[in-house]
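Structure first, then comments.
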Amino acid sequence: MIILYIVGGLVVAFLLFQYSMVFKMRLQKGKPAPEVGGKAGRAIQGGRKALFYFYSPGCRACKQMTPIIEKLSENNKSIVKIDISLDMTTAKKFGVMGTPSTVLVQAGKIAEFLVGPQTEDRILALLGKS
298 MIILYIVGGL
308 VVAFLLFQYS
318 MVFKMRLQKG
328 KPAPEVGGKA
338 GRAIQGGRKA
348 LFYFYSPGCR
358 ACKQMTPIIE
368 KLSENNKSIV
378 KIDISLDMTT
388 AKKFGVMGTP
398 STVLVQAGKI
408 AEFLVGPQTE
418 DRILALLGKS
């Protein structure tokens with residue numbers, strides 16, 4: 298019986314952590330995009346729309362989503378892929394706490410902040426958002 302309480306407590310703690318992570322990321326919406334350098338910084342310049350895809354090579358959900366992003370980025374130069382194992386600084390500036398994360402920056406502000414794998418249709422909808 299005590300094992301059930303322990304397992305139940307762990308499940309509740311895990312769910313609360315996940316909820317708080319998503320809540321913190323959603324608070325980023327509407328805030329000015331952080332000042333970053335490199336390819337990410339060039340994508341934001343001039344108030345252009347940019348979609349940032351934060352991923353990790355070892356992430357199972359990222360392995361599903363990365364081919365979709367790569368396919369879409371061939372025709373759309375506003376998509377920026379950021380491997381957080383190589384560029385943790387940019388991920389921290391955006392407030393990314395988990396992968397995969399997709400951030401839409403528009404007019405210098407964070408318009409959308411999505412956590413978890415997204416479908417191709419959802420990404421296309423974000424790119425078409427004005």
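Residues in the sequence shown are numbered consecutively from 298, following the numbering used here. Each residue gets a CB set at the ideal place from its N, CA and C atoms; glycine is no exception.
C-beta atoms of residue i and residue j nearer than 9 Å
i    : j    : result
I376 : Y352 : no
E428 : L369 : Beyond the ends of the chain as shown, which are 298 and 427, falls residue 428; an answer cannot be given.
I407 : F391 : yes
Q325 : M362 : no
N373 : L313 : no
D384 : G335 : yes
Run of the beta strand (DSSP E) containing residue i, from where it starts to where it stops
i    : result
D380 : 376-380
A347 : 347-352
Run of the alpha helix (DSSP H) containing residue i, from where it starts to where it stops
i    : result
E417 : 417-425
K406 : Premise fails: K406 lies in the beta strand (DSSP E), 406-412, not in any alpha helix (DSSP H).
L369 : 357-372
T399 : Counting along the chain, T399 falls outside any alpha helix (DSSP H), though it belongs to the beta strand (DSSP E) covering 398-403.
A337 : 335-341
A388 : 385-391
Spatial neighbours of residue i in its chain, beta-carbon cut-off 7 Å, leaving aside the 5 residues before and after
i    : result
A337 : F349, V377, I379, T387
G438 : Because the chain in this structure spans residues 298 to 427, residue 438 falls outside the shown range and cannot be described.
K389 : none
P354 : D380, S382
Cβ neighbours of residue i in the same chain (closer than 8 Å, five flanking residues each side left out)
i    : result
I341 : A330, V333, A347, V402, G405
V393 : M322, F351, I381, V400
Expected contact under 8 Å - CB spacing of residue i and residue j to nearest Å
i    : j    : result
P397 : A422 : Not a contact, Cβ separation roughly 17 Å.
Same chain, Cβ closer than 6 Å to residue i, five either side skipped, listed in chain order
i    : result
S427 : Because S427 sits at a pLDDT of 47, beneath the cut-off of 50, its placement in the model cannot be relied upon, and the following sentence gives the value as read from the coordinates. Cβ within range, chain order: n/a, list empty.
L307 : none
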